[in-house]
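Which chain is which? The protein sequence lines are X and S, in order. Each residue of the first sequence is one higher than the one before, counting from 1 in the working numbering. Each residue of the second sequence is one higher than the one before, counting from 320 in the working numbering. Every residue gets a Cβ at the ideal spot worked out from N, C-alpha and C, and that includes glycine. Bear in mind that the values here come from a model prediction, so they are computed numbers and not experimental data. Heads up, the thing below is written out as structure tokens.
There are 2 protein chains.
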Amino acid sequence: MGEFELIRRFFTRPTRRAALGVGDDCALLAPAPGMQLAVSSDLLLEGRHFVSTVAPERLGHKALAVNLSDLAACGAAPLGFTLALALPQVDAGFLEGFARGLFALADAHDCELVGGDTTRGPLAICITVFGEVPPGRALLRSGARPGDDVWVSGSSLGDARLALEVLRGTRALDGSDFETTRRALERPMPRVALGLALRGIATSAIDLSDGLVGDLGHVLAASGVGATLELDALPRSAILRAQPPEVQRACVLAGGDDYELAFSAPPRAADRVTEAAAAAATPVARIGRVDAAPGLRVLDGDGHEVAAGLRSFDHFTTA
Amino acid sequence: MGEFELIRRFFTRPTRRAALGVGDDCALLAPAPGMQLAVSSDLLLEGRHFVSTVAPERLGHKALAVNLSDLAACGAAPLGFTLALALPQVDAGFLEGFARGLFALADAHDCELVGGDTTRGPLAICITVFGEVPPGRALLRSGARPGDDVWVSGSSLGDARLALEVLRGTRALDGSDFETTRRALERPMPRVALGLALRGIATSAIDLSDGLVGDLGHVLAASGVGATLELDALPRSAILRAQPPEVQRACVLAGGDDYELAFSAPPRAADRVTEAAAAAATPVARIGRVDAAPGLRVLDGDGHEVAAGLRSFDHFTTA
Chain X
1 MGEFELIRRF
11 FTRPTRRAAL
21 GVGDDCALLA
31 PAPGMQLAVS
41 SDLLLEGRHF
51 VSTVAPERLG
61 HKALAVNLSD
71 LAACGAAPLG
81 FTLALALPQV
91 DAGFLEGFAR
101 GLFALADAHD
111 CELVGGDTTR
121 GPLAICITVF
131 GEVPPGRALL
141 RSGARPGDDV
151 WVSGSSLGDA
161 RLALEVLRGT
171 RALDGSDFET
181 TRRALERPMP
191 RVALGLALRG
201 IATSAIDLSD
211 GLVGDLGHVL
221 AASGVGATLE
231 LDALPRSAIL
241 RAQPPEVQRA
251 CVLAGGDDYE
261 LAFSAPPRAA
271 DRVTEAAAAA
281 ATPVARIGRV
291 DAAPGLRVLD
301 GDGHEVAAGL
311 RSFDHFTTA
Chain S
320 MGEFELIRRF
330 FTRPTRRAAL
340 GVGDDCALLA
350 PAPGMQLAVS
360 SDLLLEGRHF
370 VSTVAPERLG
380 HKALAVNLSD
390 LAACGAAPLG
400 FTLALALPQV
410 DAGFLEGFAR
420 GLFALADAHD
430 CELVGGDTTR
440 GPLAICITVF
450 GEVPPGRALL
460 RSGARPGDDV
470 WVSGSSLGDA
480 RLALEVLRGT
490 RALDGSDFET
500 TRRALERPMP
510 RVALGLALRG
520 IATSAIDLSD
530 GLVGDLGHVL
540 AASGVGATLE
550 LDALPRSAIL
560 RAQPPEVQRA
570 CVLAGGDDYE
580 LAFSAPPRAA
590 DRVTEAAAAA
600 ATPVARIGRV
610 DAAPGLRVLD
620 GDGHEVAAGL
630 RSFDHFTTA
């Protein structure tokens, strides 16, 4: 099977929203008049962003999910995406599974594959996603203000990292618990509905890809503020709660791969936050507050500051 | 140097056109009201799309050039791009050169870097480029009609492939000639001005990345037509003309990496084509005509058909 047959067979579907889809030099999108276009791009490599044993369907899902999560963090409505794919060989079984997972999530968000590129090489997936947002309504990292509450979505922060540690052999879980956490790692659900519902309510937002401490740190730096979090308020699963306290702490604070939204909102908007979360069918928890003093403090149940050194994942400085 | 310092140091510049540039979850573009957005994405891998010895500045240039070439083939005006980059390590010398080549070409086309991703891994570059085109004015592959002339831009088709063969050791050139052809391979100039000038004149267009026969074949298939080309009309350099006839033929017909535009236009529009080319300061040559009968025929100087078997490059079926 050649490159063009591969594209035709696995990645060409009737165009619904785009003016022109897969198969020309460019795709043509027609954003709704007056809307801004939100754009994000992520490159996923085997061995770094996913393990070689991941099910192809989950890989297809996750490759798009991490990009939709960026749209969610901006409060943008998904529109379309491009897919650039390097494959060591043409493996129809792999491609069928990958396309199934990719398109199931794409369809769930009415987000259309409009173009891309395929080449032979070590497995690599680069997706660029496009969404729409009315001018001035995007959720940014720079809007957190002292006194704002800090919120996070989801009920199982850190489960993805726990699964990664099991895959690495540093932790052990029984089969069913491992499957639950592995699902969090390999099949994250981007919080698109919540991001849309928080427009006009949240003062800042970010999606959690590298870990809460590091990602929230970007918001604090961009906003010129600090924050204090309550460790016990961080939502975690019963599976993670069964782990030693230092494992729980590392997973929730610096785990990575959560793809939840962390966001800020004024205390007077707390009811509107919970209403938005209910409308989006997404759990949220208030986990701290924004301070004028720079830096991020995390307090344990006794009000003592948790030691620093829980850094976030960095592709070039983390082992 | 960490991931975020790398982005700040080499890839963050003041935003000129985008509503929001590098540094948030998404970039925000504001296309001019009523314009369609043209999108294209290319993934370049070391060892497949470029040699490890390429100068970083040229690699930065070419990574964007191949994407701008897709906008050119659509007649779209460049707007911005994202860059996803996998690097084996942080090498400031490499990154400075890469960024210099990238931004020099970007600035020449007022095309802004708006976001992206960096990760550690085997050197890989994925650029997604965005351009604007008025609705209904994009140059497509599907518009060629029997009787149209076939045109190609440039004056040195096949030089890029000749340089590749020298790098591979199958051909030899003296130093100065090799440098000239190597420049064609590593520093192609996307025909953006020509693509814009051909709107409303050309009936179809494509950019030549995989070789004239294969790329023109996509146009013929999409248009439901065939074509006859005159081998002697294909523009080539004095350097290529000094090569044996079979080498010339392979390089111009199936060379790849030309990044010229092949396009069709009615014979009555020939003057408008040459005026558009002059306005864009880009040489063009009439190389054949579109036929109703499917298939692509190439005739030599005696009117004999050149043997088939000159296939185009395919990442999965070409050795």
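Proximity of X:S40 to chain S, defined by a Cβ-Cβ separation below 8 Å, is satisfied.
Closest by C-alpha distance to X:T53, out of X:F94, X:M35, X:L157, X:N67, is X:F94. By the criterion of a C-beta distance shorter than 8 Å, X:P88 is surrounded in its chain by R120, G121, P122, L123, once the five residues flanking it on both sides are discounted.
Contact annotation: in the segment 24 to 40 of chain X, residues whose CB is within less than 8 Å of a CB in chain S are D24, D25, C26, A27, L28, L29, A30, P31, P33, G34, Q36, L37, A38, V39, S40. Using a Cβ-Cβ distance cut-off of 8 Å, the segment 142 to 159 of chain X and the segment 280 to 293 of chain X are in contact, since at least three pairs of beta carbons, one from each stretch, lie closer than that value.
For the C-beta of X:P122, the chain S residues within less than 7 Å are, from N- to C-terminus, P441. In the displayed model, S:R616 falls within a strand according to three-state DSSP.
In this structure, X:I206 lies near X:D215, with their beta-carbon atoms less than 8 Å apart. S:L364 and X:D258 have their alpha carbons spaced roughly 29 Å apart. Contact between the segment 415 to 428 of chain S and the segment 475 to 491 of chain S is absent, with fewer than three C-beta pairs closer than 8 Å. Collapsing the DSSP output to three states places X:D257 in coil. Contact annotation: X:S142 and X:S237 have beta-carbon atoms that are not nearer than 8 Å. Nearest to S:R616 by C-alpha distance, out of S:V592, S:R587, S:C570, S:G545, is S:G545. Judged by pairs of C-beta atoms under 8 Å, the segment 536 to 555 of chain S touches the segment 571 to 591 of chain S, as three or more such pairs exist. Among the residues facing chain X, S:L362 is included, as its CB has a counterpart in that chain under 8 Å away.
Its Cα nearest to that of S:S360, the residue X:G23 stands out among X:G23, X:A276, X:L6. A Cβ of chain S is located within less than 8 Å of the beta carbon of X:D117.
The beta-carbon distance between X:T118 and X:E3, rounded to whole angstroms, is 5 Å. This is short enough to meet the 8 Å contact definition. In the same chain as X:G131, and ignoring 5 residues on each side of it, the C-beta atoms closer than 6 Å to its own belong to A38, L71, A76, A77, P78, L79, in chain order. Proximity to X:D149 across X:C26, X:F10, X:H218, X:A269 peaks at X:A269, based on C-alpha coordinates. Taking CB atoms only, S:V433 has a neighbour in chain X less than 8 Å away.
In the DSSP assignment, X:R286 falls within the beta strand (DSSP E) that extends over 284 to 291. S:S556 sits in coil when the DSSP states are folded into three classes, being neither helix nor strand. Shown here, X:Q89 sits in coil according to DSSP, grouped into three states, outside any helix or strand. With a 10 Å radius around the Cβ and a threshold of 16 neighbouring Cβ atoms, S:E505 comes out buried. With respect to chain S, the C-beta atom of X:L167 has no partner C-beta closer than 8 Å. Taking 8 Å as the CB threshold, X:C111 stays off the interface with chain S. Of the candidates S:L404, S:L459, S:G420, S:L459 places its Cα closest to the Cα of X:G21. Among the residues facing chain X, S:A598 is not included, as its CB has no counterpart in that chain under 8 Å away.
Residue-level contact by beta carbon fails for X:L105 and chain S, as no gap is shorter than 8 Å. Legend: CB atoms of the segment 504 to 527 of chain S lying less than 8 Å from CB atoms of chain X belong to residues A524, I525, D526. Relative to X:V192, the option among X:G256, X:A242, X:N67 whose CA is nearest is X:N67. With a threshold of 8 Å between beta carbons, S:T334 makes no contact with chain X. Counting only residues of its own chain and dropping the five nearest sequence neighbours on each side, X:L196 has a CB closer than 7 Å to the CB of G75, A77. Along the length of the segment 474 to 530 of chain S, whole alpha helix (DSSP H) runs at least 4 residues long occupy 478 to 487, 494 to 505, 511 to 516, reported in chain order. Note on geometry: alpha-carbon atoms of X:G47 and X:D302 lie some 40 Å from one another.
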